[in-house]
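A.B. asks: The following block contains the structure, expressed as structure tokens.
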């Protein structure tokens, strides 16, 4: 995989999802991490795996702690919303 995809961004998460393996409903992604083990927006000397739930847009770390939520990663965003007419 192109190492540029390990730099954390929503766009890189979406690109990784195209080919990422899935386990128990989660996409398994890999990103560079900073000293605290959080996804880094720049190259570092180590990477780690993260789990992305597409039905919620939640990214979790190796210990399943929630790292972030993004509506752009939520496959079901907008479902269940009422229209202007309440339908």
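Residue numbers (the numbering used here): -17 to 69. Yeah, the Cβ is synthetic: ideal placement off N, Cα and C, and Gly gets one too.
1) Using the beta-carbon count (16 or more within 10 Å), is residue 39 buried or exposed?
2) At the level of alpha carbons, what is the spacing between residue 104 and residue 45?
3) Helix, strand or coil for residue -7? Go by DSSP, reduced to three states.
4) Give the single residue among -16, 37, 53 and 54 whose Cα lies nearest to the Cα of residue 12.
5) Using DSSP bridges, identify the partner residues of residue 30.
6) Quick one: what's got a C-beta closer than 8 Å to residue 30's C-beta in the same chain, skipping five residues either side?
7) Apply the 10 Å Cβ neighbour rule to residue 41 and answer buried if 16 or more other Cβ atoms are within range, or exposed otherwise.
8) Using the rule of at least 16 other Cβ atoms within 10 Å of the residue's Cβ for burial, across every protein chain shown, is residue -10 buried or exposed?
C.D. replies: Quick answer:
1) buried
2) Since the first residue shown for the chain is -17 and the last is 69, residue 104 is missing from the structure and cannot be characterised.
3) helix
4) -16
5) 13
6) 12, 13, 15, 19, 43 and 44
7) buried
8) buried
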